[in-house]
Amino acid sequence: KSKQSSLSSFFSGA
Amino acid sequence: MLEARLAQAAVLKKTLDAIKELVTDANFDCSDGGISLQAMDNSHVALVSLLLRADGFEPYRCDRNLALGINLNSLSKVLRSAQNEDIITLKAADDPDNLSLTFESQNQDRISEYEMKLMDIDQEHLGIPETAYAAVITMPAAEFQRICRDLSGISESVTIDASKDGVKFASAGDIGNGSVTLKQTHNPEEPALSTSIELSESVTLTFSLKYLVNFTKATPLAGAVTLQMSNDVPLLVEYKMEGGYLRYYLAPKIQD
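Just so you know, the sequences run in chain order A and B.
Read in order, the letters of the first sequence correspond to residues 1 to 14 in the working numbering.
Read in order, the letters of the second sequence correspond to residues 1001 to 1256 in the working numbering.
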């Protein structure tokens, strides 16, 4: 089962 | 003040069509380098980054940096009044309440003038790290659109697997599964119809097709699309156009 990640985990300030 | 004259209204119309479903309100940041926009969708899964360089306008003048807060749906409504071949001029004063848009027909026998109210948008600018991607895939934009559309009939997700053998788009859902594999091709007559795969290591990532299908609304802007991927980082989908680019970032689905 896969889960949608958020851009906030990758980009600063997100 | 800002004054920017664009020879073809079609560029702005198509750009709006390509972003207005992902983003509702956004700041158009105007500087002497051109007009840019960076905005995330509500769910913080996708990000749009647009650049219309100053040299894509003739003339272009921006004395000091301005953030034009715009409701994209409203701008889209106003742009509906412009013919594709019209010349568009955007004008805004320093500290503006309104954006003025003028549409002139090619032979200048019709001039339409609109004013659009601006809004205050408190928007953070995200730091997107410079990334040397492990896989850079360039393919016909129409091909990418077709693959995303076809696989969205099978599943909500697609796994993109870039290896030396090619790039494979695979989906599995309730009704069954499907995949499309593209090999590297070379079409010197029509570079936009070629597929190229530059790879420093194999990459496998899974994405929501709902967002990818949305990104492909940019297909009318460019003949080719470039997908840039590294394991465990967001996908970058780029449509290069004359005088700028439209980039989308999409966070991957990860194993729970």
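Beta carbons are placed, not taken as given, at the ideal position from N, Cα and C, and that holds for glycine.
Out of curiosity, what's the CA-to-CA distance linking residue i and residue j?
{"i": "D1025/B", "j": "S9/A", "result": "23 Å"}
{"i": "I1088/B", "j": "A1224/B", "result": "26 Å"}
{"i": "Y1133/B", "j": "R1110/B", "result": "48 Å"}
{"i": "N1065/B", "j": "L1006/B", "result": "19 Å"}
{"i": "G1244/B", "j": "V1011/B", "result": "10 Å"}
{"i": "G1178/B", "j": "N1107/B", "result": "51 Å"}
{"i": "A1218/B", "j": "L1227/B", "result": "14 Å"}
{"i": "K1077/B", "j": "D1029/B", "result": "20 Å"}
{"i": "D1055/B", "j": "G1034/B", "result": "8 Å"}
{"i": "Y1100/B", "j": "R1247/B", "result": "One detail in the question is off: residue 1100/B reads as Ser in this sequence, not Tyr. The alpha-carbon atoms of S1100/B and R1247/B are separated by roughly 26 Å."}
{"i": "T1206/B", "j": "S1163/B", "result": "15 Å"}
{"i": "E1003/B", "j": "R1053/B", "result": "13 Å"}
{"i": "P1191/B", "j": "I1254/B", "result": "34 Å"}
Excluding sequence positions up to five away, which residues of its chain have a Cβ less than 7 Å from the Cβ of residue i?
{"i": "S1074/B", "result": "M1116"}
{"i": "H1186/B", "result": "S1194"}
{"i": "N1098/B", "result": "E1115, M1116, K1117 and L1118"}
Since residue i contacts residue j with CB under 8 Å, what's their CB separation in whole angstroms?
{"i": "L1051/B", "j": "S1036/B", "result": "5 Å"}
{"i": "A1092/B", "j": "L1250/B", "result": "Not really, about 32 Å apart at Cβ, beyond 8 Å."}
{"i": "V1167/B", "j": "I1121/B", "result": "Rounded, the Cβ-Cβ distance is 37 Å, inconsistent with contact."}
{"i": "D1086/B", "j": "M1001/B", "result": "Going by Cβ atoms, the distance from D1086/B to M1001/B rounds to 22 Å, so no, they are not a contact pair."}
{"i": "A1039/B", "j": "Q1123/B", "result": "7 Å"}
{"i": "D1256/B", "j": "S5/A", "result": "Not a contact, Cβ separation roughly 11 Å."}
Counting C-beta neighbours from all protein chains within 10 Å, is the total for residue i 16 or more, i.e. buried, or is it exposed?
{"i": "E1113/B", "result": "exposed"}
{"i": "M1119/B", "result": "exposed"}
{"i": "Q1145/B", "result": "buried"}
{"i": "N1027/B", "result": "buried"}
{"i": "N1214/B", "result": "buried"}
{"i": "D1041/B", "result": "buried"}
{"i": "K1014/B", "result": "buried"}
Report all residues from its chain with a CB closer than 6 Å to the CB of residue i; omit the five preceding and five following residues, and keep chain order.
{"i": "F11/A", "result": "none"}
{"i": "G1173/B", "result": "I1154 and S1155"}
{"i": "D1161/B", "result": "K1168 and T1204"}
Which of the three DSSP states, helix, strand or coil, is assigned to residue i?
{"i": "I1154/B", "result": "coil"}
{"i": "D1017/B", "result": "helix"}
{"i": "D1025/B", "result": "strand"}
{"i": "I1128/B", "result": "coil"}
{"i": "L1118/B", "result": "coil"}
{"i": "F1103/B", "result": "strand"}
For residue i, which residues from the same chain have a beta carbon less than 8 Å from its beta carbon, with the 5 sequence-adjacent residues on both sides left out?
{"i": "A1009/B", "result": "L1079, A1082, Q1083, N1084, E1085, D1086, I1087, I1088 and F1103"}
{"i": "L1072/B", "result": "L1016, I1019, K1020, V1023, T1024, D1025 and A1026"}
For the stretch 1138 to 1155 of chain B, enumerate the residues whose C-beta is nearer than 8 Å to any C-beta of chain E, in chain order.
-> Reference to chain E is not applicable here, since the protein chains of this structure are A and B.
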